[in-house]
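Residue numbers for the sequence shown follow this note's numbering, beginning at 37 and rising by one.
We treat Cβ as the ideally placed atom computed from N, Cα and C, and that holds for glycine.
Contents: one structure, followed by commentary.
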Amino acid sequence: MDFSFIEPQQNDFVYLDPPYHQSGERFYTRVPFDEKEQIRLRDFVYELNNKGVKIMLSNNNTTFIRDLYKDFFITHIGVTYSINEQRNLVNEQLVKHYFQIINKV
37 MDFSFIEPQQ NDFVYLDPPY HQSGERFYTR VPFDEKEQIR LRDFVYELNN KGVKIMLSNN
97 NTTFIRDLYK DFFITHIGVT YSINEQRNLV NEQLVKHYFQ IINKV
């Protein structure tokens, strides 16, 4: 399903997990999810933000993605994937635009 079909309302939370930049362009969709699609997704994220939707998005930690989402809060995380019995640590980033309230006891 194309991400642009969702219609969240103000204060809804949306998590987006697109094909990752420089690794998922041709594997997950019939139409390549290339940089043009990454830009279209970023524009959609801005539309959601303007509607007051809380957003979290994961993607590869690349300069291109960091530049696309430079106005958002980005957290870098290490993720270990197991492929063919080999464990590989990759760097991803979580892009978010919402306030997190943490209650301390």
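To the nearest angstrom, how far is it from the Cα of N47 to the Cα of P68?
31 angstroms
On the three-state DSSP scale, how would you describe Y105?
coil
Classify I110 as helix, strand or coil using the three-state DSSP reduction.
strand
Would F108 be called buried (16 or more neighbouring beta carbons within 10 Å of its own) or exposed?
buried
Distance between S59 and R66 (C-alpha atoms, nearest Å):
15 angstroms
Can you tell me the Cβ-Cβ gap for I113 and V50, rounded? I've got them flagged as a contact below 8 angstroms.
19 angstroms between Cβ atoms; not a contact.
Reduced DSSP category for V67 - H, G, I as helix; E, B as strand; rest coil
coil
Residues that L84 bridges to, as DSSP identifies them:
DSSP, once it has assigned bridges, lists no residue as partnering L84.
Residues that DSSP places opposite S94 in a beta bridge:
L130
Contacting residues, own chain, Cβ-Cβ under 6 angstroms from R78 (five flanking each side not counted)
L104
Tell me which residues share the same chain as F80 and place their Cβ nearer than 7 angstroms to its Cβ, disregarding the 5 neighbours each side in the sequence.
F39 and S40
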